[in-house]
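Residue numbers for the sequence shown follow the working numbering, so the first one is 377 and each next one is one higher. From the three backbone atoms N, C-alpha and C, an ideal C-beta is built for every residue, glycine too. Keep in mind the model is a prediction, meaning the values are calculated, not measured. Below is one structure, written out as structure tokens; the observations come after it.
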Amino acid sequence: MATLAIVGAQWGDEGKGKITDFLAARANMVVRYQGGANAGHTVVFRGATFRLHLVPSGIFYPGTICLLGNGVVVDPEELLAEIEELERRGVDTRSFFISDRAQVIMPYHKEQDRLEEELRGERRIGTTGRGIGPCYADKVARYGIRMIDLLDREALSEALDRVLPIKNRWLRQVFNHPGFEKKALLEQYLEYGERLRGRIVDTVTLVNEAAEAGKRILFEGAQGTLLDIDHGTYPFVTSSSPTAGGVCVGAGLGPTRLNKVLGVAKAYTTRVGEGPFPSEERGPLGDHLRTRGQEFGTTTGRPRRCGWFDAVVGRFAVRVNGITGLAITKLDVLDGLEKVKICVGYRYGGQTRRTLPTDLRLLAESQPLYEELPGWESTAGARSYNELPAAARRYLEAISELCGAPLALVSVGYDREETIVVNPDLLF
Ligand code: IMP
377 MATLAIVGAQ WGDEGKGKIT DFLAARANMV VRYQGGANAG HTVVFRGATF RLHLVPSGIF
437 YPGTICLLGN GVVVDPEELL AEIEELERRG VDTRSFFISD RAQVIMPYHK EQDRLEEELR
497 GERRIGTTGR GIGPCYADKV ARYGIRMIDL LDREALSEAL DRVLPIKNRW LRQVFNHPGF
557 EKKALLEQYL EYGERLRGRI VDTVTLVNEA AEAGKRILFE GAQGTLLDID HGTYPFVTSS
617 SPTAGGVCVG AGLGPTRLNK VLGVAKAYTT RVGEGPFPSE ERGPLGDHLR TRGQEFGTTT
677 GRPRRCGWFD AVVGRFAVRV NGITGLAITK LDVLDGLEKV KICVGYRYGG QTRRTLPTDL
737 RLLAESQPLY EELPGWESTA GARSYNELPA AARRYLEAIS ELCGAPLALV SVGYDREETI
797 VVNPDLLF
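Written out as structure tokens, the structure reads:
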């Protein structure tokens, strides 16, 4: 058995897509276990660029089984558009399946997401507007709609009868919204179900049978540790569990069956949306990182906030995910800087702390405590760890030591070739 989870160790956008794509070459199965179309990754395949939100990037390897687990929230309209686009451009999607237990994003979820954000005004979360939070909320409230419901008129009708009276009353009374009509939703979502029939299956059995047969399974996390509903910077978080524990719940794999956890972190830090970010650089360095690292959201196009690597965040991520190896991406973006800094603690009220505070006001007012290291000229062309400039290696080793996990992999560019395997034993 070889099961490996790829998790984001920061606020998302760590470059997990590229790492998944790199490791998917060796995987028999790639499984997403949480999130929805709020995620986004860009994959270059045969010279063409694909922007995916739901379909795992393993789809580009013929024969690799790609799954959306039960913990994912699926927008069928978005998903069908993605499948059609892939097929139109010559990618075989026959090995792509969706959990029959996954929750369905309905039009009222997107409407609710937008209306609630509007109402929050200055206190908005800065969501991606994809209906993620409202869909997970309905799941927990026990009136969500599951993919299996889309396959049967009676089941979907019953599910809509469960949710619509509450949803419509709420939309009308709180937001003055006209609400949603059952008939139109029923017909539209049955049609989606028809088009997805054959792909909606019991993925928990598929995952466990593959694990029992000793297949290599990759669990692809979306977002990141600091956006986790429990462990992130609440309430500025997403509504799922991107951390490694989410694999067990969101894919139906028992915790004792997860072998390795690869934590992906950028060589610096970025964040989209609102919420505290102690090592943020609002001046020229932030602009430099944004331009050089092309830090604009895949899903929303929003400019990302940028800053130095935060090892307090990194250590926290290593702990809550049980990270067994680190993949550091976009090291090349720091090329040419005279000095590089790592945040090693937070100063607050005359005290230094080295763990992440729960109190967001404290986090927002914390001053980062930095360790400064010499920069390097260029990582271009480096294809092995020893080919990296000595200062770059020192920087990576400092990150590894401060975070408390060994280096597994380093990425120095977009290309698959620009990936350096530091320790193959930490991968598969
Ligand atoms: P939601 O997931 O759309 O509800 O958004 C909640 C928060 O998570 C917002 O701050 C988003 O910007 C952030 N977020 C959601 N998905 C991603 C992602 O894939 N990368 C980075 N941030 C994300």
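Cα separation between residue i and residue j?
i       : j       : result
Arg-792 : Phe-398 : 6 Å
Phe-551 : Lys-486 : 14 Å
Gln-743 : Asp-686 : 12 Å
Leu-785 : Ser-471 : 28 Å
Gln-727 : Leu-738 : 12 Å
Arg-427 : Trp-546 : 35 Å
Thr-396 : Arg-666 : 23 Å
Ile-382 : Lys-392 : 7 Å
Ala-768 : Gly-751 : 7 Å
Arg-499 : Ser-760 : 46 Å
Gly-574 : Phe-473 : 8 Å
Pro-652 : Glu-585 : 42 Å
Gly-649 : Ala-531 : 37 Å
Arg-729 : Gly-502 : 28 Å
Lys-558 : Val-406 : 36 Å
Gln-549 : Glu-773 : 57 Å
Gly-423 : Tyr-724 : 49 Å
Lys-717 : Glu-777 : 15 Å
Leu-572 : Arg-490 : 27 Å
Could you have a look at residue i and say whether DSSP puts it in helix, strand or coil?
i       : result
Glu-656 : strand
Phe-426 : strand
Glu-747 : strand
Thr-581 : helix
Asp-604 : coil
Val-808 : In the structure as shown, the chain begins at 377 and stops at 804. Residue 808 is therefore absent and cannot be evaluated.
Tyr-610 : coil
Met-405 : strand
Arg-723 : strand
Gly-497 : helix
Val-623 : helix
Thr-705 : strand
Gly-411 : strand
Phe-595 : strand
Ser-533 : helix
Glu-758 : As written in the sequence, residue 758 is Ala, which differs from the Glu given in the question. Residue state, collapsed to three classes: coil.
Pro-510 : helix
Ala-378 : strand
Phe-556 : coil
Ala-368 : The structure shown has nothing for residue 368, since the chain only spans 377 to 804.
Pro-679 : strand
For residue i, does the count of other Cβ atoms within 10 angstroms reach 16, so buried, or fall short, so exposed?
i       : result
Gly-639 : buried
Pro-541 : exposed
Ala-641 : buried
Glu-714 : exposed
Ala-403 : buried
Gln-488 : buried
Glu-807 : No information on residue 807 is available, as it lies outside the stretch 377 to 804 that the chain covers here.
Pro-452 : buried
Arg-680 : buried
Asp-606 : exposed
Glu-570 : exposed
Ala-400 : buried
Glu-563 : exposed
Cutting at 7 Å between CB atoms, please list the residues of its own chain near residue i, excluding the five before and the five after it.
i       : result
His-429 : Ala-413, Ala-415, Gly-416, Glu-454, Glu-458, Thr-675
Leu-602 : Gln-386, Trp-387, Gly-608, Thr-609, Val-689
Ala-758 : Leu-764, Val-788, Ile-796
Pro-654 : Asp-686, Cys-719, Tyr-722, Leu-739, Ser-742, Pro-744
Pro-733 : Leu-739
Asn-799 : Gly-701, Pro-782, Leu-783, Ala-784
Gly-555 : Asn-544, Leu-547, Arg-548
Val-696 : Thr-601, His-607, Thr-619
Ignore the nearest five residues each way along the sequence and tell me which others in residue i's own chain have a CB closer than 6 Å to its CB.
i       : result
Phe-436 : Phe-421
Lys-636 : Leu-380, Thr-700
Arg-691 : Cys-779, Gly-780
Ala-535 : Ile-521, Asp-525
Asp-604 : Ser-617, Pro-618, Thr-619
Ala-703 : Ile-395, Leu-638, Val-640, Ala-784, Leu-785
Gly-411 : Ala-598, Gln-599, Ser-616
Glu-492 : none
At a threshold of 8 Å, does residue i count as lining the ligand NAD (C-beta to nearest heavy atom)?
i       : result
Ala-415 : Summarising the ligand content, the structure contains the ligand IMP and does not contain the ligand NAD.
Only counting the same chain, and skipping five residues up and downstream in sequence, which positions put a Cβ closer than 8 Å to that of residue i?
i       : result
Ala-587 : Met-377, Thr-379, Ile-593, Leu-629, Arg-633
Val-583 : Met-405, Val-407, Leu-443, Gly-445, Ile-593, Ala-627, Gly-628, Leu-629
Answer yes or no: does any C-beta atom of chain B fall closer than 9 Å to that of residue i?
i       : result
Lys-642 : Annotation note: the requested chain B is absent from the structure, which comprises a single protein chain.
So, does the stretch 611-623 touch the stretch 742-761, judging by three or more C-beta pairs under 8 Å?
no
With a threshold of 8 Å, are at least 3 pairs of Cβ atoms found where one atom belongs to the stretch 661-674 and the other to the stretch 617-635?
no
Does the stretch 495-513 come within contact of the stretch 463-470, defined as at least 3 CB pairs closer than 8 Å?
no
Is it the case that the stretch 570-581 contacts the stretch 591-598, given that we only count it when at least three CB pairs across the two stretches are under 8 Å?
no
Any contact of the stretch 703-722 with the stretch 768-777, i.e. 3+ C-beta pairs under 8 Å?
yes
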